[in-house]
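J.:
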Amino acid sequence: RRHRILPLALDAERVLIATSEPLALDWLADVQHLSRRRIELALINPLDLHRYTMEFFGVTQSVRGARSDARSTESNVGLPSFEQLVELGRAGDVNADDHHIVHIVDWLLQYAYEQRASDIHLEPRREAGRMRFRIDGVLHKVLEVPPSVMTAVVSRIKVLGRMDLAERRRPQDGRIKTRSPGGREVEMRLSTMPTAFGEKCVMRIFDPDSAFKSIEQLGFSPEEAAGWSALVERPHGIVLVTGPTGSGKTTTLYSTLKRLATPDVNVCSVEDPIEMIAPEFNQMQVQQNIDLDFASGVRTLLRQDPDIIMIGEIRDLETAQMAVQASLTGHLVLSTLHTNDAASAITRLLDLGVPHYLVASTLNGVLAQRLVRTLCVHCKRPHTLSDADWAAIREPGEALPEPLNVHAPVGCLECRRTGYLGRVGLYELLPVTPRLRTLIRPDTELAGFSQAARGEGLRTLRRTGLEKVAAGLTTIEEVLSVLPPRE
Numbered sequence: 068r069r070h071r072i073l074p075l076a077l078d079a080e081r082v083l084i085a086t087s088e089p090l091a092l093d094w095l096a097d098v099q100h101l102s103r104r105r106i107e108l109a110l111i112n113p114l115d116l117h118r119y120t121m122e123f124f125g126v127t128q129s130v131r132g133a134r135s136d137a138r139s140t141e142s143n144v145g146l147p148s149f150e151q152l153v154e155l156g157r158a159g160d161v162n163a164d165d166h167h168i169v170h171i172v173d174w175l176l177q178y179a180y181e182q183r184a185s186d187i188h189l190e191p192r193r194e195a196g197r198m199r200f201r202i203d204g205v206l207h208k209v210l211e212v213p214p215s216v217m218t219a220v221v222s223r224i225k226v227l228g229r230m231d232l233a234e235r236r237r238p239q240d241g242r243i244k245t246r247s248p249g250g251r252e253v254e255m256r257l258s259t260m261p262t263a264f265g266e267k268c269v270m271r272i273f274d275p276d277s278a279f280k281s282i283e284q285l286g287f288s289p290e291e292a293a294g295w296s297a298l299v300e301r302p303h304g305i306v307l308v309t310g311p312t313g314s315g316k317t318t319t320l321y322s323t324l325k326r327l328a329t330p331d332v333n334v335c336s337v338e339d340p341i342e343m344i345a346p347e348f349n350q351m352q353v354q355q356n357i358d359l360d361f362a363s364g365v366r367t368l369l370r371q372d373p374d375i376i377m378i379g380e381i382r383d384l385e386t387a388q389m390a391v392q393a394s395l396t397g398h399l400v401l402s403t404l405h406t407n408d409a410a411s412a413i414t415r416l417l418d419l420g421v422p423h424y425l426v427a428s429t430l431n432g433v434l435a436q437r438l439v440r441t442l443c444v445h446c447k448r449p450h451t452l453s454d455a456d457w458a459a460i461r462e463p464g465e466a467l468p469e470p471l472n473v474h475a476p477v478g479c480l481e482c483r484r485t486g487y488l489g490r491v492g493l494y495e496l497l498p499v500t501p502r503l504r505t506l507i508r509p510d511t512e513l514a515g516f517s518q519a520a521r522g523e524g525l526r527t528l529r530r531t532g533l534e535k536v537a538a539g540l541t542t543i544e545e546v547l548s549v550l551p552p553r554e
């Protein structure tokens with residue numbers, strides 16, 4: 068603090084240090100001698116340096132203080148092994164309200180928000196508990212604390228989430244409402260589970276700015292935006308969004324519904340769980356313990372005079388049948404499926420047992436999507452790809468987009484030295500055209516249907532990924548990491 072410097076990164080060869088006074092380097096020789104590594108400097112705003120120094124030194128002191136307090140109550144806050152979970156569940160208070168623990172948790176929630184984390188992982192281990200953030204889909208280690216401190220931190224979070232503090236044998240769920248540094252309300256969904264070294268806790272952060280975006284912010288091209296709008300603005304029919312977990316399906320649906328939810332439209336949803344409260348919708352949550360599942364939820368919504376219905380996921384034949392019935396009675400139905408691409412959604416509905424003629428008559432279209440990390444605009448550099456590099460992503464004989472503006476990742480303070488900052492969607496939009504409807508039969512083969520869809524102008528995930536690489540938004544490695552295997 069005296070020299071106004073802050074260490075940022077350390078590896079076998081170098082130490083990265085932030086300073087607000089690049090001309091005052093009287094400390095440099097001493098640090099280089101002590102660390103026996105090359106020193107790299109990064110310039111930082113003095114106000115930011117002061118804030119981060121106070122935060123990190125304050126957290127370090129809180130960890131030390133909590134560890135000291137924990138030693139005095141070792142019998143109560145000791146590390147629970149798998150065999151000790153039952154006894155530990157009856158052990159009582161573990162100093163979750165200790166002022167050191169309160170400070171650590173407050174810092175953790177604020178820092179996660181500032182770093183754009185989507186999830187916070189608190190993982191107990193034998194030697195040290197580990198805190199990690201998922202940022203842009205990738206986990207990053209943030210801090211390690213003594214096991215007893217981790218136990219108390221998890222207990223503090225359970226108190227905030229109104230969960231059973233004494234129950235450590237079973238998984239639990241909870242919610243926290245907090246505020247961002249700017250004063251905006253942010254909701255977090257909590258999940259705990261017993262592990263070999265104690266309770267693991269994951270907090271999913273729901274930021275309204277991330278959940279509700281415009282079509283342009285989602286990463287649609289002008290053609291994709293126009294095609295998607297044409298599908299969801301029809302008065303009735305089924306529109307599906309497909310992709311694996313974490314591919315942005317819910318964000319796409321929420322953003323679309325927010326746009327459609329005008330004062331003269333009744334938008335209702337049944338979700339498991341409700342991920343973000345939206346005042347424009349009427350949202351209902353699945354509750355399996357009282358037999359309120361997706362199918363019965365849709366059945367209820369049909370008696371609520373809806374115009375648009377959103378079903379969180381079509382998991383079984385009964386839910387699929389209710390979606391079909393809703394569309395046949397004049398409602399627009401939006402839902403999700405877990406399939407690799409858009410064409411697979413048709414065969415999935417057929418596999419569930421939905422008659423082919425109902426699929427053909429009710430399905431408006433399918434949107435398959437993935438999320439890829441975008442290159443950091445602060446440090447990316449121009450790059451040239453060889454023909455062999457392009458061959459990994461493009462189809463044989465496929466022309467490259469023009470102009471080529473390919474870039475490569477570098478790494479800087481803004482992107483945590485990863486080279487990537489933020490994410491963007493890759494989309495495969497499949498409108499069900501009259502010709503494609505005639506091809507939906509009980510024995511429809513995926514390969515043949517996909518070929519016919521490409522003949523109708525379908526731009527595949529691979530093609531949209533290729534265009535994002537050519538535009539300098541992402542890299543081939545990122546696109547290939549989320550694409551289904553080439554047939």
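Residue numbers (the numbering used here): 68 to 554. Glycine included, C-beta positions come from ideal geometry on N, C-alpha and C.
Need the endpoints of the alpha helix (DSSP H) that R105 sits in, please.
T.: Not the alpha helix (DSSP H): R105 falls in the beta strand (DSSP E), residues 105 to 110.
J.: Looking only at its chain, what residues have a beta carbon closer than 7 Å to the beta carbon of I507, apart from the 5 residues adjacent to it on each side?
T.: Here the set comprises I413, H423, V426, A427.
J.: Per DSSP, what kind of secondary structure is G522 in: helix, strand or coil?
T.: G522 falls in the helix class under three-state DSSP.
J.: At the level of alpha carbons, what is the spacing between A79 and T511?
T.: Cα to Cα, the separation comes out at about 57 Å.
J.: Between G486 and V477, which are expected to be in contact by the criterion C-beta below 8 Å, what is the C-beta distance as a whole number of angstroms?
T.: With a Cβ gap of about 6 Å, G486 and V477 count as contacting.
J.: Report the partner residues of I171 according to the DSSP bridge assignment.
T.: DSSP output for I171 lists no bridge partner at all.
J.: Per DSSP, what kind of secondary structure is K447 in: helix, strand or coil?
T.: If DSSP states are grouped into helix, strand and coil, K447 belongs with coil.
J.: Measure the CB-CB distance between S185 and R199 and report whether it falls below 7 Å.
T.: No, Cβ-Cβ distance for S185 and R199 is not below 7 Å.
J.: Return the bridge partner residues of M270 from the DSSP annotation.
T.: Bridge partners of M270: I187, L257.
J.: Can T403 and T541 be called in contact, C-beta distance under 7 Å?
T.: The answer is no: Cβ separation not under 7 Å.
J.: Which same chain residues end up closer than 8 Å to K316 when comparing Cβ atoms and leaving out the 5 residues on each side of it in sequence?
T.: Excluding sequence neighbours, K316 sits near V308, T309, G310, T403, Q436.
J.: Quick check: the Cα distance between K267 and L210, rounded to an integer number of angstroms?
T.: Each residue's alpha carbon lies about 15 Å from the other.
J.: Thinking C-alpha only, which one of E290, G250, I224 is nearest T259?
T.: The shortest C-alpha separation from T259 is found at I224.
J.: For I378 versus A390, is the C-beta spacing smaller than 7 Å?
T.: Yes. Within cutoff.
J.: Determine the direct distance from the alpha carbon of E291 to that of G323, and round the result to whole angstroms.
T.: At residue 323 the sequence reads Thr, which differs from the Gly that was named. Each residue's Cα considered, the two are about 13 Å apart.
J.: What is the DSSP secondary structure of D240, counted as helix, strand or coil?
T.: In this structure, D240 counts as strand in the three-state DSSP scheme.
J.: Hey, how far is the Cα of T406 from the Cα of R415?
T.: C-alpha separation (whole angstroms): 8 Å.
J.: Between the alpha carbons of Y119 and V306, how many angstroms are there, rounded?
T.: Y119 and V306: Cα-Cα distance of roughly 46 Å.
J.: Pick out whichever of A297, A328, P213 has its Cα sitting closest to the Cα of F264.
T.: Nearest of A297, A328, P213 to F264, Cα basis: P213.
J.: For T386, which residues from the same chain have a beta carbon less than 6 Å from its beta carbon, with the 5 sequence-adjacent residues on both sides left out?
T.: F361, A362.
J.: Would you please state the rounded distance, in angstroms, between the beta carbons of W94 and I72? I believe it to be under 8 Å.
T.: Their Cβ separation, rounded to whole angstroms, is 7 Å, which keeps W94 and I72 in contact under 8 Å.
J.: Near G204, which residues of its chain fall below 7 Å by C-beta distance, leaving aside the five closest residues on each side in sequence?
T.: So the qualifying residues of the chain are G313, L438, R440, R490.
J.: Taking the alpha carbon of D408 as the reference point, which residue from Y494, E252, H166, L75 has its own alpha carbon closest?
T.: That would be Y494, whose Cα lies nearest to the Cα of D408.
J.: For the alpha helix (DSSP H) that contains I413, what are its first and last residues?
T.: Start and end: 410 to 419.
J.: Whole angstroms are fine: how far does the CA of L257 sit from the CA of S500?
T.: What sits at residue 500 in the sequence shown is Thr, not Ser. Their Cα atoms are separated by approximately 43 Å.
J.: Could you tell me the distance, in whole angstroms, from the CA atom of L155 to the CA atom of G228?
T.: With a pLDDT of 32 at L155, under the threshold of 50, the modelled position of that residue is not reliable, and no figure is offered here.
J.: Quick one: is Q352 buried, meaning 16 or more other Cβ sit within 10 Å of its Cβ, or exposed?
T.: By the neighbour-count rule (16 or more Cβ atoms within 10 Å), Q352 is not buried but exposed.
J.: Is A393 closer than 7 Å to A520 when the C-beta atoms are compared?
T.: No. Outside cutoff.
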